[in-house]
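So the sequence shown is numbered by our numbering: it starts at 115 and just counts up by one.
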Amino acid sequence: MRIISQDGALDVPYNDYQLFVIGAKYDAKVARIYCQNSYAPSVKIAEYSTNAKALKAMEMLRKVYENNVFYHCTASSKRFEEVQRILSEEQFRKATTEYLQFPQDDEIEV
Numbered sequence: 115m116r117i118i119s120q121d122g123a124l125d126v127p128y129n130d131y132q133l134f135v136i137g138a139k140y141d142a143k144v145a146r147i148y149c150q151n152s153y154a155p156s157v158k159i160a161e162y163s164t165n166a167k168a169l170k171a172m173e174m175l176r177k178v179y180e181n182n183v184f185y186h187c188t189a190s191s192k193r194f195e196e197v198q199r200i201l202s203e204e205q206f207r208k209a210t211t212e213y214l215q216f217p218q219d220d221e222i223e224v
């Protein structure tokens, strides 16, 4: 699965990076999400007006990842067609998405 920054300039593999939130309590203006791995310094990938929005964006990332794992587990099974029929087109699209681009601040409701 891939993670794409808010501005689309950064595209990294989820399994190779750690993501973390630096909240507004450390910077009175914004909450930021950074990614890093052991080979590179931290890079900002998203910025939100509140901690709650940053945490909601991280929750969205976890949900997309869970759906992606589910898709990969079922895609190789005989039950895949059954699962495909059960899900709506929108649910199936969400379950088979291979990336998440962090949404803009105004696109997140908390």
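Beta carbons are placed, not taken as given, at the ideal position from N, Cα and C, and that holds for glycine.
Asked	Found
Please report the straight-line C-alpha distance between Arg176 and Ala168, rounded to a whole angstrom.	13 Å
Out of Arg116, Ala171, Glu204, which one is the CA nearest neighbour of Asp220?	Ala171
Who pairs with Phe134 in a beta bridge, going by DSSP?	Tyr148
Using only the heavy atoms of the ligand SAM, determine whether one of them is closer than 7 Å to the beta carbon of Phe194.	Among the components modelled here there is no ligand, and therefore nothing to report on the ligand SAM.
Taking 8 Å as the limit between beta carbons, can you name the residues of its chain near Gln132, skipping five residues before and five after?	Cys149, Gln150, Asn151
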